[in-house]
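Q:
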Amino acid sequence: MRILQLCKKFPYPLKDGESLAVTYLSRAMAELGCTVTLLAMNTRKHWVDVEQAKLQLRHYEAIYTTPLDNRIKPLRALLNLCSNRSYHIERFEDAAFEAKLLEILQTRQFDVIQLETLYLAPYLPVIRRHSNAAVVLRAHNVEHEIWERMAANSHFLKKWYLDRITPRLRAYEISRLNQYDLVVGITARDVQIFRELGLTKPAVIAPIGLDADAYAPDLHSYDQPLSMAFIGSLDWMPNLEGLEWFLESVWKPILHPQFPDLQLHVAGRNMPERLRRLGLRNVFMHGETPDAADFLRQHTILVVPLQSGGGMRAKILEGMALSRVVLSTALGLEGIPATHGAEALIADTPAAFARAVEYCYAHPDNLKTIGRQARVFFEKNYDNQTVARDLLHAYQQLIHTN
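All residue numbers for the sequence shown refer to the working numbering, where the first residue is -13 and numbers rise by one.
(1) At the level of alpha carbons, what is the spacing between K40 and I49?
(2) I need the boundaries of the alpha helix (DSSP H) containing C346, first residue and last residue.
(3) Using 10 angstroms around the beta-carbon of R57, count the other beta-carbons present and answer buried if the total reaches 16, otherwise exposed.
(4) How is M27 classed by DSSP in three states: helix, strand or coil?
(5) Do you know how far the Cα of K238 is from the Cα of R421?
(6) For the segment 242 to 306, which segments carrying the beta strand (DSSP E) assignment without a break, of at least 3 residues, lie completely within its bounds, in sequence order?
(7) Got a sec, what are the start and stop residues for the beta strand (DSSP E) P398 sits in?
(8) Which residues in the same chain as G184 place their Cβ atom closer than 8 Å to its Cβ, once the five residues preceding and following it in sequence are excluded?
(9) Going straight from the alpha carbon of P276 to that of G305, what length do you get?
(10) Taking DSSP as the reference, what is the three-state secondary structure of M15?
(11) Once DSSP output is grouped into helix, strand and coil, what is the label at D369?
(12) For L353, collect the residues of the same chain with a Cβ closer than 7 Å to its Cβ; drop the 5 residues on either side in sequence, then sort them by chain order.
(13) When DSSP labels each residue in this structure, what does H326 get in the three-state scheme?
(14) So, helix, strand or coil for I194, using DSSP?
(15) Tell me the DSSP bridge mates of E102?
(16) Quick test of the definition: if touching needs 3 or more C-beta pairs under 8 Å, does the segment 169 to 181 touch the segment 360 to 372?
(17) Taking C-alpha atoms, which residue in H32, T23, V169 and I75 lies nearest to R154?
(18) Does the Cβ of L61 have 16 or more other Cβ atoms within 10 Å, making it buried, or fewer, making it exposed?
(19) So the candidates are R30, H141, V269 and R77; which of them puts its Cα closest to the Cα of A215?
(20) Please list the terminal residues of the continuous beta strand (DSSP E) segment that includes V312.
(21) Could you pull out every residue in the same chain whose Cβ sits closer than 6 Å to the Cβ of E274, ignoring the five residues on either side in sequence?
(22) Going by alpha carbons, who is nearest to H32 out of S219, E17 and V121?
(23) In this structure, what does DSSP give as the bridge partners for R(-12)?
(24) What residue range is occupied by the uninterrupted beta strand (DSSP E) comprising L228?
(25) Just to confirm, is the Cβ distance from P336 to S235 under 8 Å?
(26) Express the C-alpha separation of N127 and Q293 in angstroms, rounding to a whole number.
(27) Does the distance from the C-beta atom of S12 to that of Q(-9) stay below 8 Å?
Here it is, written out as structure tokens:
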């Protein structure tokens, strides 16, 4: 099967959920005999030395990129209020990307063209004009839902702006739902929401899959003093919002006074300087870490205090694969049906987070059990080979019916 994968950012290095989701699926597809070609935007915000990255992405038959400056520009963002267009989508509309896509479509044939996220939808017209391939949206989440949740949690000025532009994103997302031949949802919940919004075309569920062999489980840290870790891209607003809430509402007033020896280690690229200046006791700001797995292995608990967001958190899957104890809000675990006290710990309020940490101190032997069960849960549900095999079966059926 010949697959063209379109991405709004280059899917390497593997330091964020989107890159993990894109790369591990494409790698598994190639291992299962598919020919996979990548066309990605190399954005100013997440610029990558593509020639160096290609050395790590040899599973692709070919890799193409075009540069894009998609940074938020205040004047353009304000002027957008005078139009009826979605500013979220507008930032990824690019003539150079469209030209490269056209060139590829005119010289190569594909069975499936896989759009990684809604932000590739503006290129549907050129695809339909120049290719007979089945067009698939791989929806990493319900995009407008993320921004609705962020607006609800934002302060006045940011909330005012998001309340005005997010309905346009919602309208755009709904208007495109039935323009694909297949919608691939990361979670069953996301597919159900798309159905409620009017999706009538075929849809399947394909969760994020990771290579289990790349994440050797490690239980040695459970013999060390308890410590917590947060890891996530801090230029993704839900991550930053959740971390700041945790520091201000949980760590500072409750956890540190109650557990003065407990340490929190924070890692993530593009860390705002204001976080480094907080100077909170026993909070260590590491910035971008070269290896997420090595960082997580050093700590007992992976804390995921998300207050908004959508889809599925790849970092939780990484933590489970490494046999970490994941301590998350219910929203953070959305789409991952882990059971509280079995494969993870769930807390939604400052008091609940404190009770969860108290439980960890009171029952250290149980932590290894949770870690082991988390690894088993991961292997059963999120192995990239299994996910890819099931999805390719759906693609074969789609091709035969088109």
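Ideal Cβ placement from N, Cα and C applies to all residues, glycine included.
These numbers were taken from a predicted model, which means no experiment stands behind them.
A: Result, derived from the coordinates:
(1) Here residue 40 is taken as the residue at index 54 of the sequence shown, counted from 1. Here residue 49 is taken as the residue at index 63 of the sequence shown, counted from 1. Roughly 8 Å between the two C-alpha positions.
(2) Position 360 of the sequence shown holds residue 346. Per DSSP, the unbroken alpha helix (DSSP H) holding C346 starts and ends at P336 to A348.
(3) Reading the sequence shown from its first residue, position 71 is the one you call residue 57. Residue environment for R57: exposed (fewer than 16 other C-beta atoms within 10 angstroms of its C-beta).
(4) Numbered from 1 along the sequence shown, position 41 holds the residue referred to as residue 27. DSSP places M27 in strand when its eight states are reduced to three.
(5) As displayed, the chain neither begins before -13 nor continues past 388, which places residue 421 out of reach and without an answer.
(6) Complete beta strand (DSSP E) runs here, min 3: 249 to 253, 269 to 273 and 287 to 290.
(7) Residue 398 is absent from the structure shown; the chain starts at -13 and stops at 388.
(8) As a position in the sequence shown, residue 184 is number 198, starting the count at 1. Contacts found: I160, L163 and N164.
(9) Taking the first residue of the sequence shown as position 1, residue 276 is located at position 290. Taking the first residue of the sequence shown as position 1, residue 305 is located at position 319. If you take the alpha carbons of P276 and G305, they lie about 16 Å apart.
(10) Here residue 15 refers to the residue found at position 29 of the sequence shown. Reduced to three states, the DSSP call for M15 is helix.
(11) Locating residue 369 in the sequence shown gives position 383, counting from the first residue. DSSP, read as helix, strand or coil, puts D369 in strand.
(12) In the sequence shown, counting from the first residue as 1, residue 353 sits at position 367. Y208, T286, V311 and C346, listed in sequence order.
(13) On the sequence shown, position 340 is the one that residue 326 refers to. In the three-state reduction of the DSSP assignment, H326 falls in the strand class.
(14) Within the sequence shown, the letter at position 208 stands for residue 194. Reduced to three states, the DSSP call for I194 is coil.
(15) On the sequence shown, position 116 is the one that residue 102 refers to. In DSSP, E102 forms a bridge with C(-7) and R124.
(16) Fewer than three pairs of CB atoms, one per stretch, sit closer than 8 Å, so the segment 169 to 181 makes no contact with the segment 360 to 372.
(17) Residue 154 sits at position 168 when you count from the first residue of the sequence shown. The option with the nearest alpha carbon to R154 is I75.
(18) Your numbering for residue 61 matches position 75 in the sequence shown. By the neighbour-count rule (16 or more Cβ atoms within 10 Å), L61 is not buried but exposed.
(19) Your numbering for residue 215 matches position 229 in the sequence shown. Checking every option, the nearest Cα to that of A215 belongs to V269.
(20) Translated into the one-based positions of the sequence shown, residue 312 becomes position 326. Counting along the chain, the beta strand (DSSP E) containing V312 begins and ends at V311 to S314.
(21) Within the sequence shown, numbered from 1, the residue matching residue 274 stands at position 288. A distance below 6 Å between beta-carbons, with the five flanking residues on each side excluded, links E274 to the following residues of its chain, in chain order: R255.
(22) Working through the sequence shown from its first residue, we reach residue 32 at position 46. Comparing Cα-Cα distances from H32 to each of S219, E17 and V121, the minimum goes to S219.
(23) Here the question's residue -12 lines up with position 2 in the sequence shown. DSSP output for R(-12) lists T21 as bridge partner(s).
(24) Along the sequence shown, read from residue 1 onward, the residue named residue 228 stands at position 242. As written in the sequence, residue 228 is Gly, which differs from the Leu given in the question. G228 -> not in any beta strand (DSSP E); alpha helix (DSSP H) instead, spanning M223 to W231.
(25) Mapped onto the sequence shown, residue 336 falls at position 350. Mapped onto the sequence shown, residue 235 falls at position 249. It is a contact, given that the beta carbons lie within the stated cut-off.
(26) For the purposes of this step, residue 293 is taken as the residue at position 307 of the sequence shown. For the purposes of this step, residue 127 is taken as the residue at position 141 of the sequence shown. Cα atoms of Q293 and N127: separation of roughly 15 Å, rounded to the nearest angstrom.
(27) In the sequence shown, the residue the question calls residue 12 occupies position 26. In the sequence shown, the residue the question calls residue -9 occupies position 5. Yes. Within cutoff.
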